[in-house]
Amino acid sequence: MKYFVLGDEDAVLGFELAGVSGARAATAEEAEEAFRKALLEGDTGILIITEEVADLIRHVVDRHLFSENFPLIVEIPGSRRTGQPGRDIRALVNEAIGIKL
Amino acid sequence: MKNVAPNRSNYIKLKDELKFARLGHELLDQKRNILVIELLTLVDQTVDYQSRVEAALARAYASLQEAVMVMGKLKVANLSGAVNMQAAIVLKERRVMGVRLPVVETEFTGEGPYFSPLDTSLRVEEALAAFKNALSLMGRLAELKVSLMRLAREAKKTIRKVNALEKIAIPDLKETLKWTEGRLEEAEREGFLLMKMVKSRLEKSKGGGDGAAL
């Protein structure tokens, strides 16, 4: 199983440097297509996606996150983020599940 | 839910059902507790890993940017083609209360150096190492996050089931049982009274007419 990265140009470039193949996406259509492709490629074990891109196709990502087994999805901050922290994990759970931890 | 005939066989059936519902409630309650405990430990771990990944990534982006500034984006992109390092993931599975959770191990194959140090910046090597580091942390983060989501969903389902049993199914069954019991007792009393009446009438007719018409 391999990693696959979906994000902005710098993020993809960086991960390609570490031997991970990836796809660049800037619009929702591009992102969705790349996302589908990454899922179809049976060898993908973990899909790394930047938050900016994930927000473009939030409904697709979230649906996948809860339902299917593989690939696992991990969201990372993109290269252009200006310091504010990402979605808090507790908030994420509260938001998605509706139970407080 | 009073659409059952108030007879004895239904009464026994209802009693069994109530017993079963109580047992289910108890089991689900235990399951809920275990899931919540598991979730709490996972959340702490995930928050920890999240911050570690973010720190590692910030470093990686910074060194990449420096490399790009020194060498130009195109050259860095060309170099990335030369790196034949493979990041392989080994996926295993563990089960908590019937929920399948992934366990991720990342293995890197392919040894450096990947390109000549001539004409390339040290920053590229730095960026490479930083991204590699971030990548292995990320495998664990993915495992934790996905586990968290799945466990939380299962916990939500369990909580809903527990509440349904506690607030609806069990009280409902209890009420029906009580009603059936009441109706059965009533029928018994009625039957008893009837017998009494028949007996007294029999005695009366025996005393009065000595075998005259009943």
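One line per chain: the protein sequences are B and G, in this order.
Numbering of the first sequence is given in our numbering, commencing with residue 2 and proceeding in unit increments.
Numbering of the second sequence is given in our numbering, commencing with residue 45 and proceeding in unit increments.
Where a beta carbon is used, it is the ideal one built from N, C-alpha and C, also for glycine.
On a predicted model such as this, the values are computed, not experimentally measured, just so you know.
Following the DSSP letters along the chain, one finds ALA12 of chain B inside the alpha helix (DSSP H) bounded by residues 10-18. Against chain B, a Cβ distance below 9 Å from ASN122 of chain G picks out nothing, because the smallest value is about 11 Å. From the listed residues G:VAL242, G:ARG167, G:LYS222, G:ALA131, the smallest Cα separation to ASN51 of chain G is found for G:LYS222. When DSSP states are grouped into helix, strand and coil, THR90 of chain G belongs to the helix group. Contact annotation: the region 153-167 of chain G does not touch the region 43-50 of chain B, with fewer than three C-beta pairs closer than 8 Å. Collapsing the DSSP output to three states places PRO157 of chain G in coil. Within chain G, no C-beta atom comes less than 9 Å from the C-beta of ASP56 of chain B; the nearest is roughly 16 Å away. Below the 8 Å Cβ cutoff, chain B contributes LEU18, ALA19 as neighbours of LEU172 of chain G, in chain order. Between VAL127 of chain G and GLY23 of chain B, the gap from beta carbon to beta carbon reaches 8 Å or more. Residue range 73-77 is occupied by the beta strand (DSSP E) that includes ILE77 of chain B. In the structure shown, THR164 of chain G falls within a coil segment according to DSSP collapsed to helix, strand and coil.
For VAL54 of chain B, the enclosing alpha helix (DSSP H) covers residues 52-57.
Interface annotation, ILE77 of chain B: in contact with chain G, CB-CB separation under 8 Å. Straight across, the Cα-Cα distance linking GLU76 of chain B with THR51 of chain B is about 5 Å. For GLU137 of chain G, the enclosing beta strand (DSSP E) has its first and last residue at 130-140.
GLU198 of chain G carries a helical assignment under DSSP once its states are collapsed to helix, strand and coil. Taking 8 Å as the CB threshold, PHE159 of chain G stays off the interface with chain B. Taking a C-beta distance under 8 Å as the contact criterion, LEU57 of chain B and ALA32 of chain B qualify as a contact pair. Remark: C-beta atoms of HIS69 of chain G and GLU247 of chain G do not approach each other more closely than 8 Å. When only Cα atoms are considered, LEU72 of chain G and LEU192 of chain G end up about 19 Å apart. PRO215 of chain G is classed as exposed because its beta carbon has fewer than 16 other beta carbons within 10 Å across all chains shown. In the three-state DSSP reduction, GLY23 of chain B falls in the strand class (E or B). The continuous stretches of alpha helix (DSSP H) do not include LYS211 of chain G, and DSSP gives it neither H nor E.
Within chain B, the C-beta atoms nearer than 8 Å to that of ALA131 of chain G come from LYS3, TYR4, ALA19, GLY20, VAL21, in chain order.
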